[in-house]
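**Student:**
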Amino acid sequence: MAAQIWESALAAHPEIPSMISRGEFGTLLGFLRKNLHSFGAKFTPAETLRLATGSTVPDPEFFLRFLAKKYLS
257 MAAQIWESAL AAHPEIPSMI SRGEFGTLLG FLRKNLHSFG AKFTPAETLR
307 LATGSTVPDP EFFLRFLAKK YLS
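Shown next as structure tokens:
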């Protein structure tokens, strides 16, 4: 689910990786606060995932892409 949320954050803010490399986390933190943290325990995990990414089902493809990029690039 973390990789799925990460890709959702990147879709909304493609500049996040370059900002993180400069030690700037505000944009990512703002995305997480708005799309994840603000819900707390109000919703089920599936509903929180839907609100953050648009999908209620954790998709393993996001994690597989993350692994391929990290270890095969």
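According to my numbering, the sequence shown is numbered sequentially starting from 257.
Cβ atoms here follow ideal geometry from the backbone N, Cα and C, with glycine treated the same way.
No experiment lies behind these values; they were computed from the predicted model shown.
Does DSSP put lysine 298 in a helix, in a strand, or in coil?
**Tutor:** Residue mapping note: residue 298 aligns to position 42 of the sequence shown, counting from 1. Note: lysine 298 maps to coil in three-state DSSP.
**Student:** Return yes when the Cβ of methionine 257 is within less than 8 Å of the Cβ of leucine 305, no when it is not.
**Tutor:** Indexing the sequence shown from 1 puts residue 305 at position 49. Indexing the sequence shown from 1 puts residue 257 at position 1. Yes, the pair counts as a contact, with Cβ atoms nearer than the cut-off.
**Student:** Using 8 Å for Cβ pairs, my map puts alanine 343 next to phenylalanine 287. What's the rounded Cβ distance?
**Tutor:** Residue 343 cannot be examined here, being either before or after the span of the chain that is shown, 257 to 329.
**Student:** In angstroms, rounded to a whole number, what distance separates the CA positions of lysine 298 and threonine 309?
**Tutor:** The residue labelled residue 298 in the question sits at position 42 within the sequence shown. The residue labelled residue 309 in the question sits at position 53 within the sequence shown. If I take the Cα positions, the gap works out to 17 Å.
**Student:** Taking only the alpha-carbon atoms, compute the straight-line gap between phenylalanine 281 and methionine 275 and give it to the nearest angstrom.
**Tutor:** Within the sequence shown, the letter at position 25 stands for residue 281. Within the sequence shown, the letter at position 19 stands for residue 275. Using only the alpha carbons, I get a separation of about 7 Å.
**Student:** If phenylalanine 322 and alanine 259 are in contact, beta carbons under 8 Å, what's the gap, nearest whole angstrom?
**Tutor:** Locating residue 322 in the sequence shown gives position 66, where the first residue counts as 1. Locating residue 259 in the sequence shown gives position 3, where the first residue counts as 1. So it is a contact: roughly 4 Å between Cβ atoms.
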